[in-house]
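Letter by letter, the sequence shown follows residues 240 to 1209 of the working numbering.
A virtual CB, placed ideally from N, CA and C, is assigned to each residue, including glycine.
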Amino acid sequence: MPTQFTHISVQDGLSQITVSDIVEDKLGFMWFSTQNGVNRFDGYNFVQYKRDKNLDGSGPIGDFVYKLAVDKDSGDVWAASSHGLSRYDHKFDRFIHYPLIDSEGKQHRFVATVVYDRTGQLWAGTNLGLFKFQETTNSFVHIKLGDKINFRVQDIERDKNGVIWLATNQGLFGFKADKPLYTVPELKDVEVTDIELINQNKIWFSTNGQGIFIKDDTVEPKLIVRPLSLKLLTQSISSIKQLRNGDIWISTLAGLTITHPEKSPITTNLKYSTNKSSVLSASHMTRTYESRSGLIWQGTWTSGFSKFDPNSLQFQTLNAGDSETTRGIANDANGNIWFGTPEGLWKRDSKGETTGPWTFENEQNGPTFLEENSIISIAYSSATNKIWVGTRSGLAYLNDDQKYIKYLTHLRGSMIFTLSIDSMGDVWVGDFNNGLIYVNGKTHDVKNQWKMSSITKILVDTDGFTWVATMEGLIRVNRYTGELLNLYSPDRKTQYRSPRVLTWISKSQQEHYWIGTQGSGVMKLLFDEQLQDFTFQQVAPESHLATLSVGGIEQDTHGNIWVSTTEGVAKVDSNLDNPEYFSGKNGAKNEGYYINNSVTNVNGEIFFGSPTGITYFKPENVAQSDWAPPIIFTELLVLDKPISIRNADGKTFPLKSPIYEAKEVILQPEDNVFSIEFSALDFSAPERNQYAFKLEGFDTTWNTAQSRKRVATYTNLDAGSYKLLVKGTNKDGVWSNQVGQITITVVPPWWFTTWAKILWVTSVLAILIGFYRRRIYALKQQSHLLSIQVEERTAELEMMNKKLLTLSTIDDLTGLRNRRDFRTNALQESSRFERGGEPFCILLIDIDYFKQVNDVNGHACGDKVLIQMGQLMKGQIRQQDLLARWGGEEFILMIVETKIEQGQQIAEKIRLAIQQNIVKFEGLDIQVSVSVGVSQISLAEKLDDCINRADKNLYLGKKNGRNKVIADLQ
240 MPTQFTHISV QDGLSQITVS DIVEDKLGFM WFSTQNGVNR FDGYNFVQYK RDKNLDGSGP
300 IGDFVYKLAV DKDSGDVWAA SSHGLSRYDH KFDRFIHYPL IDSEGKQHRF VATVVYDRTG
360 QLWAGTNLGL FKFQETTNSF VHIKLGDKIN FRVQDIERDK NGVIWLATNQ GLFGFKADKP
420 LYTVPELKDV EVTDIELINQ NKIWFSTNGQ GIFIKDDTVE PKLIVRPLSL KLLTQSISSI
480 KQLRNGDIWI STLAGLTITH PEKSPITTNL KYSTNKSSVL SASHMTRTYE SRSGLIWQGT
540 WTSGFSKFDP NSLQFQTLNA GDSETTRGIA NDANGNIWFG TPEGLWKRDS KGETTGPWTF
600 ENEQNGPTFL EENSIISIAY SSATNKIWVG TRSGLAYLND DQKYIKYLTH LRGSMIFTLS
660 IDSMGDVWVG DFNNGLIYVN GKTHDVKNQW KMSSITKILV DTDGFTWVAT MEGLIRVNRY
720 TGELLNLYSP DRKTQYRSPR VLTWISKSQQ EHYWIGTQGS GVMKLLFDEQ LQDFTFQQVA
780 PESHLATLSV GGIEQDTHGN IWVSTTEGVA KVDSNLDNPE YFSGKNGAKN EGYYINNSVT
840 NVNGEIFFGS PTGITYFKPE NVAQSDWAPP IIFTELLVLD KPISIRNADG KTFPLKSPIY
900 EAKEVILQPE DNVFSIEFSA LDFSAPERNQ YAFKLEGFDT TWNTAQSRKR VATYTNLDAG
960 SYKLLVKGTN KDGVWSNQVG QITITVVPPW WFTTWAKILW VTSVLAILIG FYRRRIYALK
1020 QQSHLLSIQV EERTAELEMM NKKLLTLSTI DDLTGLRNRR DFRTNALQES SRFERGGEPF
1080 CILLIDIDYF KQVNDVNGHA CGDKVLIQMG QLMKGQIRQQ DLLARWGGEE FILMIVETKI
1140 EQGQQIAEKI RLAIQQNIVK FEGLDIQVSV SVGVSQISLA EKLDDCINRA DKNLYLGKKN
1200 GRNKVIADLQ
């Protein structure tokens, strides 16, 4: 039975609130008749066809369309309206109107119904007559029923005896061609609203005020009709519809009645109410329709229509009390399910009946107290027959003989997040703030306690170990020794290390362990016998599941695992591949599920706890939809303007038939922007349908599209022929085997046609030949001049390159290497040393009191000192040594293939040479000294390490009076 409908009305694009009839056409579009024309629906948008006031075929002939019928061969849709009968010709997207003229020449304008009987014969019922369609003449002929006919024909059907039954506003009538009109006495002057074939052997008649009457489909007319005893909301009925599964939906003026007499005597009545929990959107139901995908559509008189997906019943919701919130779940030895709500503890027995709540031992069990003591976790002990309850305020329990849940006084104030019971009945308690507590299930004494991170799930294994999932990884506890094995330890290798935040652990049927994580899906924990250690393996690593957070994991009898996640429920088959996903459209919870709230009962039902109730289901009843929706093109736009076949204006029009029927779109050269909208006709949850499209001849890969933007747009295509292919999925993401395709032909401009190309080629060749010789002469002259210019330009470029190289490597004041060039060459020498070469020494040389030289004599004097010092040092070293200005008054020297003793000697030599040197500047004699730091590279060092040691030695020389050489030896 439906638990929720999706309601659609004028705010969604429907032309008017009264939906009198619903059909599905041959292409898969849904059609809805209203008091303001008819509506075609593709799951996202409505196309409204209103009264054809201008008689141009733009809509039905009347405003109020009462009844629709689909021609199974052509796919056209018939519309019976308040002003006549029309047929929608889908090949030309237009309506054709059919006058109904009786035998006296009078036209019948009020057409109440149009219907195909069980043999395929088309009938039309009017306010005062009956008409039969003749295919040979494409017209209707009047059926004369009598001289004084004053009833309105509202429905028509043929029984197995060939009797035509007429439901009218004055009763039920039957006739055969060779017999007079027969009036059913039981329904004389009673309005009969609908006729429905039931199980192919019964005919049901609905009435306005007298309920339902039934007729066996094999009995002679005068022995036919009897009232049907059925518990209805009201005796005033609009219509009857039997679904393919045998359920019968009865639309009444007070709601919806659903029954299946051959299966169950129980009748379900759904009534409208103004609160948010109402399943229906209105009281007055009009008509039910079942589309080919199995979706059920329900029309209303005052609120548009609703749709119901039977697949949404695969997952059901368990609630108790006034709150949707449930927390904590466990099953006992009798098959009962225990769960918590803000009101207390509840029990659901194996028959599905719920009792409770049990509350705490407190006289004030009011909202504030219950909130402070809200249930978080539940566990059942078969050894002691206790229900253990973890709350925000401590650990409590319930015995059979207790009226209230009773707290353990010594654990009051603890936030108990998870519980597990071992075979002795002892309780393993996961305290969110205080770690793991081991409690004697009989005496309630604390047997042991371990401090650890917040605990999310506990598994008591059968081998003397207890597994603890925490916010800081997985821990194994030895129950006998108390020893802990931390599988999240940083000492463990990556493949042997648990994820950090764990939400679940349970044992599989294959004796390994299922691990739930936060943001990384499901993992397997296995013990590697060869390595003698535990390893972690990701389940379906390339799937969306591997990105989700897990609440709980249950394994069914077929080895499939069912996973509650932050987005609903996932199913992974026994091969642990290709997860299937189920969400709100299937009855699961889009908002996700709590961690540590999962259980399977003795009947194989799986229960997952969520903030809005417990989801429960039988795995064998859950499957993804196998509906393969047709892919339909719904709109063509050229230069951002909608194109309709009804507006065709000549030979250059892009379409020859409506876009949903078209095989080709022909675009002119100026039509350089076009868009085609499409739809996969799975109406159950169209927002979840996915799309991919590719323009063969242009695209090399498929483009993806979401339901909110189902459009392929292309611009400035070259002339030629292309093929647009579109794929779509159903609501469950299963790709349809039906592919939409349409040819796109781009006409070339006239100057790109074959004859134009020949003309252009001929003209160009003539011009080329005319200018050929003249051009050859000019080219020779230019070639000579160009060769001269190239030689000059090449010389200039070589000179500029030399200058650029000098600027990038030479200090422009001293002419020595700059810091960058020194490092480049020094690193090469350092690499040679690392490969087994000879050591080198680094000398850092700094002019003492150089600031005074600048301050007393000016920067020009300082520059001259720097220049002479550089040249002086350059004269003291070998060509292969590297000397550079390091910065300011500091120089650096790398003496290659030299040990520290020789390096110190060279440094001393440089120091003495500078000390004895006199710089002449504007009549003054300038004499300076230097301090030198010396270091030798070692095997464990990099170049910068060696330079830093030389720098430290230089600092020591400065500190010890300057004019000194300090080497590593000192």
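In this structure, how does DSSP classify residue i when only helix, strand and coil are distinguished?
i: Tyr735; result: helix
i: Phe701; result: The question names Phe, but residue 701 in the sequence shown is Thr. Three-state DSSP puts Thr701 in coil, outside helix and strand.
i: Ser1047; result: helix
i: Ala1189; result: helix
i: Val277; result: strand
i: Ile1023; result: The sequence given here places His at residue 1023; Ile does not occur at that position. In this structure, His1023 counts as helix in the three-state DSSP scheme.
i: Leu1163; result: strand
i: Asp561; result: coil
i: Leu1055; result: coil
i: Ser1002; result: helix
i: Gln863; result: coil
i: Gln777; result: strand
i: Gly1109; result: helix
i: Gln481; result: strand
i: His381; result: strand
State the Cα-Cα distance for the pair residue i and residue j, rounded to the nearest angstrom.
i: Leu471; j: Asn508; result: 7 Å
i: Leu1163; j: Leu1111; result: 19 Å
i: Glu263; j: Ser530; result: 6 Å
i: Tyr646; j: Phe766; result: 39 Å
i: Phe1010; j: Val1000; result: 16 Å
i: Gly267; j: Ile905; result: 26 Å
i: Thr839; j: Asn570; result: 8 Å
i: Ser1177; j: Gly1097; result: 42 Å
i: Asn408; j: Asp310; result: 26 Å
i: Asn278; j: Asp260; result: 11 Å
i: Ser1002; j: Thr984; result: 29 Å
i: Glu750; j: Phe547; result: 42 Å
i: Thr1137; j: Ile1049; result: 25 Å
Run the CB neighbour count on residue i, radius 10 Å, all protein chains shown included, and call it buried at 16 or more, exposed below.
i: Ala958; result: exposed
i: Asn1057; result: buried
i: Lys306; result: buried
i: Leu294; result: exposed
i: Lys696; result: buried
i: Asp921; result: buried
i: Phe370; result: buried
i: Pro780; result: exposed
i: Ala809; result: buried
i: Ala618; result: buried
i: Ile489; result: buried
i: Phe991; result: exposed
i: His1215; result: Any answer about residue 1215 is impossible in this case: the structure gives the chain only from 240 up to 1209.
Under 8 Å between the Cβ atoms of residue i and residue j?
i: Ala622; j: Gly664; result: yes
i: Val668; j: Ile660; result: no
i: Ala1146; j: Val1173; result: yes
i: Gly755; j: Thr742; result: yes
i: Leu963; j: Ile898; result: no
i: Ala318; j: Ser378; result: no
i: Phe285; j: Leu253; result: yes
i: Val518; j: Pro241; result: yes
**Report entry** Cβ contact check for the segment 926-934 and the segment 346-366: 3 or more pairs under 8 Å
**Finding:** no
### Message
Tell me whether the segment 898-916 and the segment 852-868 touch, counting them as touching only if at least three CB pairs, one residue from each stretch, are closer than 8 Å.
### Response
no
* To do: State whether the segment 639-659 contacts the segment 582-599, with contact taken as three or more CB pairs (one from each stretch) at a distance under 8 Å.
  => yes
Practice problem: Flag this pair as touching only if the segment 856-871 and the segment 578-592 have three or more C-beta atom pairs under 8 Å; answer yes or no. | Solution: no
*asked:* Count Cβ pairs between the segment 1189-1200 and the segment 1069-1086 that sit closer than 8 Å; are there 3 or more?
replied: yes
Three-pair Cβ contact test at 8 Å for the segment 476-490 versus the segment 432-447: yes
Specify whether the segment 373-392 and the segment 333-348 touch according to this definition: at least 3 beta carbon pairs, one from each stretch, less than 8 Å apart. yes
Note to self: Does the segment 483-497 come into contact with the segment 528-543, if we say contact requires no fewer than three beta-carbon pairs (one atom in each stretch) closer than 8 Å?
What the structure shows: yes
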